[in-house]
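Read in order, the letters of the sequence shown correspond to residues 10 to 472 in this note's numbering.
This report refers to the structure that appears directly beneath it.
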Amino acid sequence: MQPTILLLLALGLGLAGWLAARARAWTFRRNAVARGERIGSLPVYHAWYVALWIAIPTLLFVIVWSAIAPGLVTQSVLATPAAEQLPAFGFERTNILNEAHAVATGAAPGVFNPVAQDLVEPYRAAIGRYSLIGILVTLAIAFLAGVLAFLRLKPDFGARTQVERIVMAILLLASLVAILTTVGIFGSLIFETVRFFGMVSPLDFLFGTHWSPDPMANPANPQADRYGAIPLFWGTIYIGAIIAMIVAIPLGLMSAIYLTQYADPKVRAWIKPTLEILAGVPTVVYGYFAALTIAPAIRDFAASLGVSNPSSESALAAGLVMGVMIIPFVSSMADDSIAAVPQSMRDGSLAMGATTNETITRVLVPAALPGIVAGVMLAVSRAIGETMIVVMAASTAANLTGNPLEAMTTVTVQIVAMLTGEGSFDHPATLSAFALGFVLFMVTLGLNFVALRVVKRYREAYE
């Protein structure tokens with residue numbers, strides 16, 4: 010059975026409980042009014058109390074059952090005599106089972122492998138059996154939970170307090186999703202990074218200057234001198250945090266100042282949405298623009314300056330286009346922050362005789378600095394995580410140089426390169442992607458801490 014059916018069943022049962030509890034609570038209210046008394050909570054809270062008691066346990070069961078039911082169906086089919094013809098292991102066995110399952114559920118009209126045909130009926134029988142079990146258990150859970158909740162309904166029952174506690178618990182779980190996700194990501198990175206550092210020394214990885222992993226090399230001899238990640242770290246900082254920021258911060262901040270302080274409202278009404286369209290352009294389009302337009306122009310410019318054999322792939326091309334891509338992140342946050350500064354601060358500065366320029370530089374921008382810093386940090390994180398523009402405009406060659414006209418690569422590009430293909434996850438070349446991700450995670454975390462300190466300092470100064 011499709012999980013959607015069980016989900017709708019759970020919601021339907023919750024609605025039925027809501028209606029029944031509400032009718033019961035209205036009976037309490039009518040009797041209380043006739044006696045000149047008051048009930049503990051409004052009828053709607055009694056209704057929500059029963060509905061939540063029914064819906065939450067049944068939804069939890071539906072989630073768990075949707076995860077384990079396919080495995081139970083497969084195990085039931087494998088226990089039938091028809092499964093004796095299946096290969097012991099491998100891709101062919103999985104393919105036959107998938108064919109039979111698709112036909113049994115109506116997703117495919119027929120099978121290509123004759124062995125799969127004998128498994129269609131066992132699959133149908135197993136799916137029907139476990140679907141029935143799922144429905145019966147869902148109904149049983151809803152009935153038991155509904156009866157328990159319904160029996161607690163009384164005229165003086167504090168249903169509102171109970172409902173608020175349940176909602177508070179749900180909101181708490183929702184707020185923990187981001188934290189638990191971050192912990193899960195960090196834990197997986199730590200586990201794989203420790204495995205990698207068991208093969209390659211952390212010193213060779215963090216301070217080595219030569220990066221050329223060989224996925225086909227013998228894992229017993231990882232050649233640690235080929236895993237020096239300094240060129241990758243430098244390329245990431247040089248392209249994403251230096252060149253791109255040199256473009257994005259001045260243009261983004263100046264555009265925000267113009268839109269909030271100088272632009273006519275009619276001009277602002279169409280310039281700001283147009284500027285923010287840049288944030289919605291796919292990165293592959295920026296990559297094409299960088300590779301086909303900006304990179305050749307930079308190559309021709311370098312040749313005109315006398316540079317011998319300039320490359321069509323350069324850090325400068327990738328950084329310039331990346332800077333244009335993240336202008337909306339800086340501009341939008343700075344615009345909102347400057348616009349949020351109280352008008353009284355601007356008026357007070359002008360009343361004291363300050364010019365518009367002095368008011369902007371000495372009052373508005375410092376007061377809006379927390380939001381501006383947040384926008385810059387968001388832009389830096391976006392630039393550091395960019396991959397497509399670097400691949401198409403700056404190449405995948407790890408190069409430790411300060412010349413912006415030469416080819417470079419970044420950490421994210423190498424993560425993609427190491428995790429694509431047919432490399433084994435026990436090979437140091439593949440595990441190096443997790444070590445790179447861990448270092449990038451820690452650097453980003455450190456930048457966030459620095460940004461929080463800056464925001465806190467200036468926010469205290471302008472309270």
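Virtual Cβ for every residue (Gly too), placed ideally from N, Cα, C.
query: Am I right that I48 and R38 are in contact with their C-beta atoms under 8 Å? What's the rounded C-beta distance?; result: 5 Å
query: In terms of residue numbering, what span does the alpha helix (DSSP H) encompassing T147 cover?; result: V129 to L160
query: Starting from N107 and walking both ways along the alpha helix (DSSP H), at which residues does that stretch end?; result: F100 to A113
query: Spatial neighbours of S358 within its chain, please: C-beta separation below 6 Å, excluding the five flanking residues on both sides.; result: T368 and V372
query: Threshold first: 4 residues or longer. Then list the alpha helix (DSSP H) segments lying entirely within the segment 247–302, N to C.; result: 253–266, 274–285 and 292–298
query: Suppose only complete runs of 3+ residues qualify. What are the beta strand (DSSP E) ranges in the segment 291–370, listed by chain order?; result: none
query: Pull up the distance between the alpha-carbon of F214 and that of A238, whole angstroms please.; result: 6 Å
query: Would you call the segment 436–443 and the segment 274–281 touching, i.e. three or more CB-CB distances under 8 Å?; result: no
query: Evaluate contact between the segment 347–365 and the segment 446–458, counting only Cβ atoms and requiring at least three cross-stretch pairs below 8 Å.; result: no
query: From the DSSP secondary-structure annotation, give me the bridge partner or partners of W220.; result: Y236
query: How many Å lie between D435 and H219 at the Cα?; result: 22 Å
query: Taking just the CA atoms, how far does A326 sit from E415?; result: 10 Å
query: Using only the alpha-carbon positions, how far apart do E93 and P131 sit?; result: 13 Å
query: Are the Cβ atoms of I383 and A324 separated by less than 8 Å?; result: Before going on, a small fix: residue 383 reads as Ala here, not Ile. No, they are not a contact pair.
query: Can you round the beta-carbon distance between T482 and E395 to whole angstroms, since I take them to be within the 8 Å contact cut?; result: Outside the shown range of the chain (10 to 472) lies residue 482, about which nothing can therefore be said.
query: Would F338 and A388 be called neighbours here (beta carbons separated by less than 8 Å)?; result: yes
query: Helix or strand or just coil, what does DSSP make of G446?; result: helix
query: For S404, which three-state DSSP category applies?; result: coil
query: Our contact map puts M342 next to G380 with C-beta atoms below 8 Å; I'd like the distance itself, whole angstroms only.; result: 5 Å
query: Could you spell out the range, first to last residue, of the alpha helix (DSSP H) harbouring L69?; result: P52 to L87
query: Could you check if R462 is buried or exposed, using at least 16 other CB atoms within 10 Å of its CB as the buried criterion?; result: exposed
query: Please look up how many angstroms separate the CB atoms of V86 and L128, rounded, as I've assumed it's under 8 Å.; result: 6 Å
query: Per DSSP, what kind of secondary structure is A377 in: helix, strand or coil?; result: coil
query: Could you please give the first and the last residue of the uninterrupted alpha helix (DSSP H) stretch that includes S184?; result: A168 to F206
query: Is D344 buried or exposed, if buried means 16 or more other CB atoms sit within 10 Å of its CB?; result: buried
query: Counting C-beta neighbours from all protein chains within 10 Å, is the total for V333 16 or more, i.e. buried, or is it exposed?; result: buried
query: Would the segment 50–70 and the segment 182–198 be scored as touching if the rule is three or more Cβ pairs under 8 Å?; result: no
query: To the nearest angstrom, how far is the alpha carbon of P118 from that of A151?; result: 37 Å
query: For a test of the three-state rule: what should DSSP assign to F214, helix, strand or coil?; result: helix
query: Taking the alpha-carbon positions, what's the V42 to P164 distance?; result: 11 Å
query: Between the alpha carbons of A265 and G328, how many angstroms are there, rounded?; result: 21 Å
query: Pick helix, strand or coil for S433, following the three-state DSSP scheme.; result: coil
query: What distance in whole Å lies between the Cβ atoms of S320 and P305, which are believed to be in contact at a cut-off of 8 Å?; result: So it is not a contact: roughly 11 Å between Cβ atoms.
query: What do you reckon, are the CB atoms on A135 and V186 nearer than 8 Å?; result: no
query: Could you name the residues of the same chain whose beta carbon sits closer than 8 Å to that of V203, not counting the 5 residues immediately before and after it, in chain order?; result: none
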